[in-house]
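Chains as they are written, first to last, in my numbering: chain A, 59 to 331; chain B, 19 to 285; chain C, 5 to 275. Glycine is no exception: its CB is placed at the ideal position from the N, C-alpha and C atoms.
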Amino acid sequence: MSTTVESLEREWSRFTPAQRVGRYFTYLIIAAAVVWALRTVEIIPEFLADAPEQMLDLFQRMWPVDWSHYYQTDGMGVHHALVETMHIATLGTILAVIMAVPVGLMAARNVTPFGPANFLAKLILAASRSVNSLVWALLFVAVFGPGPLAGTFAIAFRSIGFVGKLLGEALEEAKSGTIEALQATGAPWLSVLKIGYWPQVRPAFWSIAVFRWDINVRESAVLGLVGAGGIGMVIDTSLNTFRWDRVAMALIAILIVVLAAEILVTFVRKRIL
Amino acid sequence: MTVMAVPDSAMTASPKSAAIAVQDLVVAYQPGKPVLKGISLEIADSSVTAIIGPSGTGKSTLIRSINRLVTPTSGSILFDGQDLAKLRGAELRAARRKIGMVFQEYNLVERLSVMENVLTGRLGVTPVWRVWLRKFPREDIARAFDLLAQVGLDGYATQRADALSGGQRQRVGIARALMQDPRLLLADEPTSSLDPKTSVEIMELMTGLARARSVPLIVNMHQVDLARRFADRIVGMADGQIIFDGPPDALATEHLQQIYGGEGWLT
Amino acid sequence: MANVSSASGPRDLRAAGLSMSWTARIGWLLLVAYVLYATSILDFSFDRFVVGLENAADLIGRMFPPLFSRADLRDLMYRGLMESLQIAVLSSAFGIILSLPVGVLAARNLMPGWVTWPARGLIMLCRSFHPIIVAILFVKGVGFGALAGILALIVASIGFIAKLFAEAIEEISLKQVEAVRASGANFMNVLIFAVLPQVNARFIGFATYQLDSNLRNSTMVGIVGGGGIGGTLLSAFGRFDYDYVCAILIAIIAMIMVGELISQRLRALFL
Chain A
59 MSTTVESLER EWSRFTPAQR VGRYFTYLII AAAVVWALRT VEIIPEFLAD
109 APEQMLDLFQ RMWPVDWSHY YQTDGMGVHH ALVETMHIAT LGTILAVIMA
159 VPVGLMAARN VTPFGPANFL AKLILAASRS VNSLVWALLF VAVFGPGPLA
209 GTFAIAFRSI GFVGKLLGEA LEEAKSGTIE ALQATGAPWL SVLKIGYWPQ
259 VRPAFWSIAV FRWDINVRES AVLGLVGAGG IGMVIDTSLN TFRWDRVAMA
309 LIAILIVVLA AEILVTFVRK RIL
Chain B
19 MTVMAVPDSA MTASPKSAAI AVQDLVVAYQ PGKPVLKGIS LEIADSSVTA
69 IIGPSGTGKS TLIRSINRLV TPTSGSILFD GQDLAKLRGA ELRAARRKIG
119 MVFQEYNLVE RLSVMENVLT GRLGVTPVWR VWLRKFPRED IARAFDLLAQ
169 VGLDGYATQR ADALSGGQRQ RVGIARALMQ DPRLLLADEP TSSLDPKTSV
219 EIMELMTGLA RARSVPLIVN MHQVDLARRF ADRIVGMADG QIIFDGPPDA
269 LATEHLQQIY GGEGWLT
Chain C
5 MANVSSASGP RDLRAAGLSM SWTARIGWLL LVAYVLYATS ILDFSFDRFV
55 VGLENAADLI GRMFPPLFSR ADLRDLMYRG LMESLQIAVL SSAFGIILSL
105 PVGVLAARNL MPGWVTWPAR GLIMLCRSFH PIIVAILFVK GVGFGALAGI
155 LALIVASIGF IAKLFAEAIE EISLKQVEAV RASGANFMNV LIFAVLPQVN
205 ARFIGFATYQ LDSNLRNSTM VGIVGGGGIG GTLLSAFGRF DYDYVCAILI
255 AIIAMIMVGE LISQRLRALF L
């Protein structure tokens, strides 16, 4: 074609020069971070080389699984601890939701049109999320002593951030029309909440609660490692006595419970939400 | 049923000299329920063939069998010395490179730019690293610009595909197909998603470019007037079989009734 | 909204959110009953709670002022934080890289069943256990230290990113893929040009989210021996050095918040 010569001079590239510089820069930083980490991290190469053999040894020690450990009645049994774990997860979630509602209300800019209050609420929520549930567990074990009470509060305090943040976002998405109509009639604040916000937020509320419960089931299982009750304590004991076959039993039990919880949550999601 | 009009002898070509020869093609998505019931068709070089017929009659299946987006149950498709129906893997990919296709819903990669969509036509021959880094050879890029100009989209190279109108997207689709420098062009209901005016523009563009390059074009469409206007040859299908094959002027009302209407053709 | 003024039956009131259906009432009742049951089973008494509050007050008193003044402890804290950072960076990098192929292999619209089943099985395995438990297993396997933590978080990353990535791939428009296939491109080119552009944005979202999550978890794997500041924190708790605990917690929170900022920046840049 006659325009070929001109066309050969037309360039095309996927990114503008500015974008390319930005991307190269970012790749460079990421590469630098990885290289730094690789060079400074303390890994003993022999351990890495030894790893497959060690892992194999581990699995051999886990088999055969100590099934009898499940129903042990000396307080060390898996079944008892599992039930305790479920209670920790459920009560913790309920407590979290109760505490998260006022904070969520305070964080939503349409419910609380007062800047400093929003900020304070968001700070509380961020703090709750930044502290890992294990750390909350350590703190509450120091406060309440070892046992499921500490675990429940740990779960609760960790979950406030999650539930409160999502709740606040759901509230902010509520349509203002109904709310304004209610406010115009001079309805008391509580009624505005109950009749204006609640029906709109309700599906999201339950969805968030159920979602967090699912996560908390997993979290509750490990809190016992630091003494906060539940199956984690059983695992801790078995670890300290090197009874890997019992550890395996506990892990299998956790697996089944987590799977069951997932199925339950999916079922509830489909039917109710 | 019998063919309604005997084709002009200039239209038929022996399988050896035909651009593409479909022989006894049967396609059944479910065993025992064939959609195509033994199609035989020969296309000569550089012609525009329009396939018409009611929905569900297998027009799309026929077109898609040629570039093997659909796998035939039996029969053969002779193209460029190979039986397309039997190809697999690398050979199939090689054969597909020679066949360009224009789709009803354009099927552009929406998040990519117009230029990248046109360059898609060269993916069959570009090594992976070049594709990943988008470092296509300069000749390819130059050709892409040329093609964009030919389809009337000069200056659109850097726009994102989803920012274009339907007609513009189809033009990109045509440019993409031509980018492959194909020996055969297929079009599966290319104008069904477009308004009447744009449909005519697209048909004009497509048939003009195909003829200029001496590449046979097989179009599948349901707008009979467009078929009449732009095609050299019309193939009418009904119920999985060809029941009309001839030039547009030979297509009479009774043929249309037999293709589209009347109880006999609705099974 | 239901017209409350005219004769409003129970259904109207329910629709207006003013009254509850019987199933809802029963639901709430069951909830309250459960709470009472569970609290009694777990032996939560009011006395314990009150004692706990006293302990809490005492604890908070001992935590402040946070102990930043001792140089040797600061050093220890710094090294712990750096190790946690290393764990987070390496596990994210390798986890993201590995999740790409695993996710693609698990996508049922791209791959045949005999490929997707093992891939999805692998992903499920990675997700099943809490990262802390996985860390315990790796500590046994590769010894105490950062390696166990890194491996544990790589597993967690794959479980998260690959799963969501596979789901994202399963939602793409296959028409775009079909067109690219029709031009005779090989599988990799089809992947790069037709699949990835459709899921890039979501992949980056998942990757940055996991980066953030790994940073949080990297501060914890030390509690079970997986390296990082978690170990320092645990021993501080064990020695009742609550002011040091407070300092460490503040440092951790600060690091996590900075990490969140960086994640947001990365997301903005790549999207």
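Under the three-state reduction of DSSP output, leucine 240 (chain A) falls in the helix class. Ranked by Cα distance from isoleucine 233 (chain C), the first of C:Ile196, C:Ala255, C:Val93 is C:Ala255. Between the alpha carbons of isoleucine 158 (chain C) and arginine 124 (chain C) lies a gap of roughly 16 Å. Distances from the CA of glycine 264 (chain B) to each of B:Asp257, B:Arg246, B:Ala256 were compared; the closest alpha carbon is that of B:Arg246. Proximity to alanine 158 (chain A) across A:Leu116, A:Val268, A:Leu225 peaks at A:Leu225, based on C-alpha coordinates. Cα atoms of valine 184 (chain C) and glutamine 275 (chain B): separation of roughly 38 Å, rounded to the nearest angstrom. For serine 94 (chain B), the uninterrupted beta strand (DSSP E) run begins and ends at 92-97, by DSSP. According to the DSSP assignment, phenylalanine 262 (chain B) belongs to the beta strand (DSSP E) that extends over 259-264. In the DSSP assignment, threonine 295 (chain A) falls within the unbroken alpha helix (DSSP H) covering 289-298.
Taking CB atoms only, glycine 188 (chain C) has a neighbour in chain B less than 9 Å away. The alpha-carbon of alanine 68 (chain B) is positioned some 22 Å away from that of methionine 197 (chain B). In the displayed model, isoleucine 252 (chain B) falls within a strand according to three-state DSSP. For threonine 43 (chain C), the closest Cβ of chain A is nearer than 9 Å. Not flagged as an interface residue toward chain A: isoleucine 192 (chain B), since no C-beta distance is shorter than 9 Å. Just so you know, the alpha carbons of lysine 116 (chain B) and phenylalanine 154 (chain B) end up roughly 20 Å apart. The C-beta distance from alanine 166 (chain A) to leucine 229 (chain A) rounds to 4 Å, short enough to fall under 8 Å.
Within the stretch 136-163 of chain B, the residues whose Cβ lies closer than 7 Å to some Cβ of chain A are Arg152, Arg156, Ile159, Ala160, Phe163, listed in chain order. Secondary structure at aspartate 272 (chain A): helix, using DSSP grouped into helix, strand and coil.
Within a 10 Å sphere around the beta-carbon of aspartate 164 (chain B) sit 16 or more other beta-carbons, which makes this residue buried.
Look at methionine 192 (chain C): its C-beta is under 9 Å from a C-beta on chain B.
Contact with chain B is found for valine 184 (chain C), since one of that chain's Cβ atoms lies less than 9 Å from the residue's Cβ. Boundaries of the beta strand (DSSP E) around valine 44 (chain B): 38-48. With contacts defined by Cβ atoms closer than 9 Å, arginine 129 (chain B) and asparagine 204 (chain C) form a contacting pair. The beta carbon of alanine 175 (chain B) sits closer than 9 Å to some beta carbon of chain A. Listed along the chain, the chain A residues whose CB falls inside 9 Å of the CB of asparagine 59 (chain C) are Ala200, Val201, Phe202, Gly203.
Assignment of serine 73 (chain B) by DSSP, reduced to helix, strand and coil, places it in the coil class. Contact annotation: glutamate 60 (chain B) and isoleucine 95 (chain B) have beta-carbon atoms that are not nearer than 9 Å.
Under DSSP, aspartate 101 (chain B) forms a beta bridge with B:Leu96. Here DSSP, grouped into helix, strand and coil, assigns serine 78 (chain B) to helix. Against chain B, the CB of asparagine 204 (chain C) has a partner CB under 9 Å away; the residue lies at that interface. Rounded to whole angstroms, the gap between the alpha carbons of leucine 141 (chain C) and arginine 243 (chain C) is 26 Å. For the pair methionine 133 (chain B) and threonine 170 (chain A), the Cα-to-Cα distance works out to about 50 Å. Cβ proximity to chain B below 8 Å picks out nothing from the stretch 291-325 of chain A.
The stretch 144-159 of chain A and the stretch 109-124 of chain A do not touch, with fewer than three beta-carbon pairs separated by less than 8 Å. No Cβ of chain C is located within less than 9 Å of the beta carbon of glutamate 222 (chain B). Contact between alanine 200 (chain A) and leucine 281 (chain A) does not hold, since their C-beta atoms are separated by about 14 Å, which reaches or exceeds 8 Å.
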